[in-house]
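Data block below; observations after.
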Amino acid sequence: MNREKFISKIQSHKSCYYIYNENEQNENTGLIKVWLYNDQIILTWEECPTGFVDDESTYTKDELHNFNSFEELEVFFNDNNLFYSNFKS
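Right, here's the structure in full:
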């Protein structure tokens, strides 16, 4: 998905998500989800060791972020090496 499609989905009150699996750079699996709520862009990021998704005590990330604009979200994406093309809806 490109940036325009991502923004269109969020503005249509759909969520976009990125699920990543263990790889050479990362020993964990994770879920990043983005949606619109009360005119705020909400992003949650949960990450845990493979196989422990049901045990929140093992989470290495359990973050909630609020953004006022897609520009703010894009800065967050850039700072965290996240790409629109990784997201699905």
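Here my numbering = 1-based position in the sequence shown + 1213.
Ideal Cβ positions, reconstructed from N, Cα and C, are used throughout, including at glycine.
Here the structure is a predicted model, which is why all the values come from computation and not from measurement.
Check                                                                                                                                                                                         : Outcome
Taking the straight line between their C-alpha atoms, what separation do you get for K1246 and Y1231?                                                                                         : 6 Å
Could you check whether the stretch 1246-1256 touches the stretch 1221-1229, counting it as contact only if at least three pairs of C-beta atoms, one from each stretch, sit closer than 8 Å? : yes
Determine the contact status of T1263 and T1242, defining contact as a CB-CB distance below 8 Å.                                                                                              : yes
List the whole-angstrom C-beta distance separating H1226 from L1256, where the pair is believed to meet the contact cut-off of C-beta under 8 Å.                                              : Not confirmed; about 15 Å, so no contact.
By alpha-carbon positions, which one of F1289, N1294, F1283 and C1261 ends up nearest to R1216?                                                                                               : F1283
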